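> Take a look at the following structure, please.
Number of protein chains: 2
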Amino acid sequence: MNFRKKFAVRTGDRIKLSEFDPDENFDLSKNEDTAELIRKYTKQLTEYQFRLYAENRRSLLIVLQGMDAAGKDGVINHVLAPMNPLGCRCQSFKTPTELELAHDFLWRIHAAAPRRGEVVIFNRSHYEDVLIQRVHGIVPEKVWRERYDFINDFERLLARNNVTIVKFFLHISREEQLKRFKQRLEDPGRNWKISESDYSERKYWDDYQQAFEDAINHCSFDHAPWYVIPSNHKFFRNLAVSEILVDTLGEMDLEMPPCKVDLAEIREEYRKAKEEEEKKR
Amino acid sequence: MNFRKKFAVRTGDRIKLSEFDPDENFDLSKNEDTAELIRKYTKQLTEYQFRLYAENRRSLLIVLQGMDAAGKDGVINHVLAPMNPLGCRCQSFKTPTELELAHDFLWRIHAAAPRRGEVVIFNRSHYEDVLIQRVHGIVPEKVWRERYDFINDFERLLARNNVTIVKFFLHISREEQLKRFKQRLEDPGRNWKISESDYSERKYWDDYQQAFEDAINHCSFDHAPWYVIPSNHKFFRNLAVSEILVDTLGEMDLEMPPCKVDLAEIREEYRKAKEEEEKKR
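As given, the protein sequences belong to chains A and B, one line each in that order. Note that this note's numbering numbers the first sequence so that position 191 is 560, with each residue one more than the last. Note that this note's numbering numbers the second sequence so that position 205 is 574, with each residue one more than the last.
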């Protein structure tokens with residue numbers, strides 16, 4: 370499959386979310402074959418991430434967005450957790466603090482941007498400022514509309530600084546969300562995830578879909594594409610996300626950097642040190 | 370005088386630094402009158418700053434740039450130090466650290482941006498990235514040229530977030546710089562300011578002037594003007610800078626915010642507390 374091509378929104382594209390089927394699975398199903406494929410991708414991802422870290426020249430920013438229960442935490446757990454925490458950081462953006470609100474909306478985001486060699490996952494992101502803030506009228510239309518440009522300026526700055534940007538919209542249906550809310554109610558291990566606003570937010574479903582669609586259409590570029598991932602099937606969501614990440618990193622031609630020292634010399638030092646040790650015995 | 374109008378570079382203006390006389394003083398001289406005027410401005414500044422702090426809605430960013438010995442530290446000491454440190458912060462930008470270099474050039478700058486209610490002074494700034502980095506070829510032309518746009522995007526973001534931006538280029542002559550270097554040599558109290566690069570940098574004087582001129586011409590807007598301040602005369606530099614700041618803050622119509630509590634009620638509480646205290650005695 371080439372999920373990357375299938376789900377990418379690139380420079381100039383204009384999409385309609387209603388034309389994307391959240392149930393799409395290309396006739397694949399959750400079985401040993403697809404599980405094996407995900408494992409293969411995950412292994413490749415960890416290899417690429419290690420090379421990115423060793424190279425210390427470029428970085429990767431993964432933005433995860435979606436409705437409540439769309440599977441952001443799931444993607445982090447299944448696809449990204451195996452990466453080496455030494456060069457991988459997950460950054461969640463919750464309701465802004467008083468200090469964050471005392472600055473422009475990108476202040477807290479910029480501070481969390483990846484350093485060279487790092488993979489950073491944004492669990493929610495600056496896009497909340499054109500989503501929840503728009504839907505609930507926290508800022509007037511003039512303000513959130515302008516933010517598309519500020520977001521594009523900001524992502525262009527990162528991209529120019531060798532940050533590869535990949536943005537996933539985890540696309541689920543209204544019915545699937547309700548099903549997952551029910552699971553949270555019935556499974557004591559998931560009760561903690563239930564929040565007061567789960568159901569009250571559902572009445573804004575269409576407004577959120579519109580806000581996502583507009584954000585995707587205004588802020589998709591070849592250097593920072595959005596991917597609309599059919600996410601009603603968790604196995605498929607994980608498969609698509611990991612394949613897209615593998616393809617993205619694969620394209621970067623990550624190579625282990627050459628050794629910076631004279632190995633013959635170091636081997637000689639090792640030999641001497643060993644000799645010394647043996648004499649002492 | 371209206372120094373603000375005289376020295377401002379605004380949207381669309383194109384200046385030549387060679388046409389600005391660093392010796393300009395409009396026939397004023399260092400005497401009790403001008404000293405008194407500076408004191409008056411300084412007092413007004415501290416009043417405005419307090420209101421900005423109390424209002425907690427907008428902020429002020431002052432960018433100071435200039436050749437070595439142009440008087441950046443002097444302006445901070447004479448004009449800005451009287452402000453209340455509670456709502457005023459001075460941020461110096463030195464050679465970037467390894468962590469700062471591992472991010473885009475605006476990363477460390479954005480992190481230091483003023484919060485609501487704050488006055489922040491940038492002692493050097495993001496402009497170094499189109500000055501020293503250009504003059505010494507630390508980055509190729511393609512890179513520093515693009516930075517003008519990134520700087521403008523960034524300052525527009527701040528301005529939209531109610532940050533008033535004022536940028537001062539302290540303009541001195543080559544001869545004046547040499548004179549000041551000599552003072553540093555002769556005054557043991559100033560020896561610590563001497564750096565190895567003082568004289569070696571002087572041979573890049575013209576390159577720096579060109580870099581400053583281009584930065585000013587590319588990055589001057591009504592919402593973030595540069596001011597070219599004749600700075601050979603220290604008293605005049607202080608006078609001009611403080612007048613411009615007073616005028617800028619004056620235009621913001623800063624008012625003490627209304628009291629948020631019922632004063633009559635609080636007075637009654639005070640009366641009761643006092644009564645209680647007196648009974649106990």
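Each residue gets a CB set at the ideal place from its N, CA and C atoms; glycine is no exception. None of the values given here were measured: they were computed from a predicted structure.
In three-state DSSP terms, what is A/Leu-433?
One-based indexing of the first sequence puts residue 433 of chain A at position 64. Strand at A/Leu-433.
> Interface residues of chain A around B/Trp-476 at Cβ under 7 Å?
The residue you call residue 476 of chain B lines up with position 107 of the second sequence. Per Cβ cutoff of 7 Å: His-479 and Ala-482.
> Are the CB atoms of A/Leu-421 and A/Leu-623 within a distance shorter than 8 Å?
Within the first sequence, the letter at position 254 stands for residue 623 of chain A. Within the first sequence, the letter at position 52 stands for residue 421 of chain A. For A/Leu-623 and A/Leu-421, yes; Cβs fall inside 8 Å.
> What are the residues of the region 603-632 of chain B that lie near chain A, defined by any Cβ-Cβ distance shorter than 8 Å?
none
> Under 7 Å from any heavy atom of the ligand ATP, does the C-beta of A/Arg-559 make it?
Absent from the structure shown: the ligand ATP. Ligands present: none.
> Please name the residue in A/Val-615, A/Lys-603, A/Glu-644 and A/Gly-456 whose C-alpha comes closest to that of A/Pro-391.
Looking up residue 391 of chain A in the first sequence gives position 22. For the residues A/Val-615, A/Lys-603, A/Glu-644 and A/Gly-456, the minimum Cα distance to A/Pro-391 belongs to A/Lys-603.
> Looking at the unbroken beta strand (DSSP E) that takes in A/Leu-539, where does it start and where does it end?
On the first sequence, position 170 is the one that residue 539 of chain A refers to. First-last of the beta strand (DSSP E) with A/Leu-539: 532-540.
> Cα separation between A/Ala-480 and A/Glu-467?
Counting from 1 along the first sequence, the entry for residue 480 of chain A is found at position 111. Counting from 1 along the first sequence, the entry for residue 467 of chain A is found at position 98. Using only the alpha carbons, I get a separation of about 16 Å.
> According to DSSP, simplified to helix, strand and coil, what is A/Phe-581?
In the first sequence, counting from the first residue as 1, residue 581 of chain A sits at position 212. In this structure, DSSP gives A/Phe-581 a helical state, which the three-state scheme calls helix.
> Grouping DSSP H, G and I as helix and E and B as strand, with all else coil, what is A/Val-444?
For the purposes of this step, residue 444 of chain A is identified with residue 75 of the first sequence, where counting begins at 1. Helix at A/Val-444.
> For A/Thr-533, which residues in the same chain have their Cβ closer than 6 Å to its Cβ, ignoring the five residues on either side in sequence?
Position 164 of the first sequence, counted from the start, is the residue given in the question as residue 533 of chain A. Around A/Thr-533: Leu-429.
> What does B/His-495 touch in chain A if you count any residue whose Cβ is under 7 Å from its own?
Taking the second sequence and counting its residues from 1, the one referred to as residue 495 of chain B is at position 126. Within 7 Å Cβ-Cβ: nothing; B/His-495 doesn't reach chain A, min ~11 Å.
> Specify the secondary structure class of B/Arg-420 as computed by DSSP and reduced to three states.
Against the second sequence, residue 420 of chain B aligns to sequence position 51. In the three-state scheme derived from DSSP, where H, G and I count as helix and E and B as strand, B/Arg-420 is classed as helix.
> Distance check for B/Ile-384 and B/Glu-582, CA to CA, integer angstroms please.
Residue 582 of chain B sits at position 213 when you count from the first residue of the second sequence. Residue 384 of chain B sits at position 15 when you count from the first residue of the second sequence. So the alpha carbons of these two residues sit roughly 7 Å apart.
> Chain B beta carbons: is any one of them nearer than 8 Å to that of A/Asn-530?
One-based indexing of the first sequence puts residue 530 of chain A at position 161. Yes - at least one Cβ of chain B is within 8 Å of the one on A/Asn-530.
> For chain B, find out if any of its Cβ atoms is closer than 8 Å to the Cβ of A/Ala-471; answer yes or no.
The count along the first sequence starts at 1 and reaches residue 471 of chain A at position 102. Output row for A/Ala-471: interface = yes.
> What's the call for B/Asp-556, buried or exposed, on a 16-neighbour Cβ count within 10 Å?
Position 187 of the second sequence, counted from the first residue, corresponds to residue 556 of chain B. B/Asp-556 should be labelled exposed.
> Residues of chain B with CB closer than 7 Å to the CB of A/Asp-522, please, in chain order.
By 1-based counting over the first sequence, the position of residue 522 of chain A is 153. Neighbours of A/Asp-522 on chain B, chain order: Asp-522.
> Apart from the five residues just before and just after B/Val-499, which ones in its own chain have a Cβ nearer than 7 Å to its Cβ?
Counting from 1 along the second sequence, the entry for residue 499 of chain B is found at position 130. Closer than 7 Å at the Cβ level, and outside the excluded window around B/Val-499, lie Trp-513, Arg-516, Tyr-517, Ala-580 and Ala-584.
> DSSP three-state call for B/Pro-391: helix, strand or coil?
Taking the second sequence and counting its residues from 1, one reaches residue 391 of chain B at position 22. DSSP places B/Pro-391 in coil when its eight states are reduced to three.
> Residues of chain A with CB closer than 9 Å to the CB of B/Phe-419, please, in chain order.
Locating residue 419 of chain B in the second sequence gives position 50, where the first residue counts as 1. Those within 9 Å of B/Phe-419 in chain A number zero; the least Cβ separation is about 18 Å.
> Please tell me whether A/Glu-487 and A/Arg-458 are closer than 8 Å, where the distance is taken between their beta carbons.
As a working note, residue 487 of chain A is residue 118 in the first sequence. As a working note, residue 458 of chain A is residue 89 in the first sequence. Contact: yes.
> I'd like to check one pair, A/Phe-491 with A/Val-432: are the Cβ atoms closer than 8 Å?
Taking the first residue of the first sequence as 1, we reach residue 432 of chain A at position 63. Taking the first residue of the first sequence as 1, we reach residue 491 of chain A at position 122. Their beta carbons are under 8 Å apart, which means A/Val-432 touches A/Phe-491 by this criterion.
> Roughly how many whole angstroms lie between the Cα atoms of B/Ala-471 and A/Arg-484?
As a first step, residue 471 of chain B is located in the second sequence; it is residue number 102 there, counting from the start. As a first step, residue 484 of chain A is located in the first sequence; it is residue number 115 there, counting from the start. Approximately 5 Å, taken between the alpha carbons.
> For A/Trp-574 versus A/Arg-543, is the C-beta spacing smaller than 8 Å?
By 1-based counting over the first sequence, the position of residue 574 of chain A is 205. By 1-based counting over the first sequence, the position of residue 543 of chain A is 174. Yes, the Cβ-Cβ distance between A/Trp-574 and A/Arg-543 is below 8 Å.
> At a CB distance below 7 Å, what residues from the region 499-520 of chain B approach chain A? Give them in sequence order.
Glu-515 and Phe-519
> For the alpha helix (DSSP H) that contains B/Ile-613, what are its first and last residues?
The count along the second sequence starts at 1 and reaches residue 613 of chain B at position 244. Here the alpha helix (DSSP H) through B/Ile-613 covers 603-619.
> Go to A/Tyr-517, then tell me how far its alpha helix (DSSP H) extends in each direction, as first and last residue.
In the first sequence, residue 517 of chain A corresponds to position 148, counting from 1. Counting along the chain, the alpha helix (DSSP H) containing A/Tyr-517 begins and ends at 510-529.
> With C-beta atoms as the reference, is B/Phe-539 less than 8 Å away from B/Ile-635?
Residue numbering aside, residue 539 of chain B sits at position 170 when the second sequence is read from its first letter. Residue numbering aside, residue 635 of chain B sits at position 266 when the second sequence is read from its first letter. Going by the sequence as given, residue 539 of chain B is Leu instead of Phe. Contact: no.
> Closer than 7 Å by beta-carbon distance: list the chain B residues that pair up with A/Arg-485, in chain order.
Sequence index remark: in the first sequence, residue 485 of chain A carries index 116 (1-based). Simply Ala-471.
> With 8 Å as the threshold, decide whether the Cβ of A/Leu-527 is near any Cβ in chain B.
Within the first sequence, the letter at position 158 stands for residue 527 of chain A. Taking Cβ atoms only, chain B reaches closer than 8 Å to A/Leu-527, which makes this a yes.
> Which whole-angstrom value describes the C-beta separation of B/Val-615 and B/Leu-414, a residue pair presumed to lie in contact below a C-beta threshold of 8 Å?
Along the second sequence, one-based indexing puts residue 615 of chain B at 246. Along the second sequence, one-based indexing puts residue 414 of chain B at 45. Indeed they touch by this definition, with Cβ atoms about 6 Å apart.
> Nearest-angstrom Cα distance between A/Ile-407 and A/Asn-601?
Here residue 407 of chain A refers to the residue found at position 38 when the first sequence is read from its first residue. Here residue 601 of chain A refers to the residue found at position 232 when the first sequence is read from its first residue. Taking the straight line joining both Cα atoms gives about 17 Å.
> Restricting to Cα atoms, I'd like to know which of A/Asn-607, A/Trp-595 and A/Thr-617 is closest to A/Lys-399.
Numbered from 1 along the first sequence, position 30 holds the residue referred to as residue 399 of chain A. Minimum Cα distance to A/Lys-399 is reached at A/Asn-607.
> So which residues on chain B does A/Leu-695 lean against when the C-beta distance must stay under 7 Å?
Since the first residue shown for chain A is 370 and the last is 650, residue 695 of chain A is missing from the structure and cannot be characterised.
> Name the two residues that bound the continuous beta strand (DSSP E) containing B/Ser-398.
Taking the second sequence and counting its residues from 1, the one referred to as residue 398 of chain B is at position 29. Element bounds for B/Ser-398: n/a, residue is neither H nor E.
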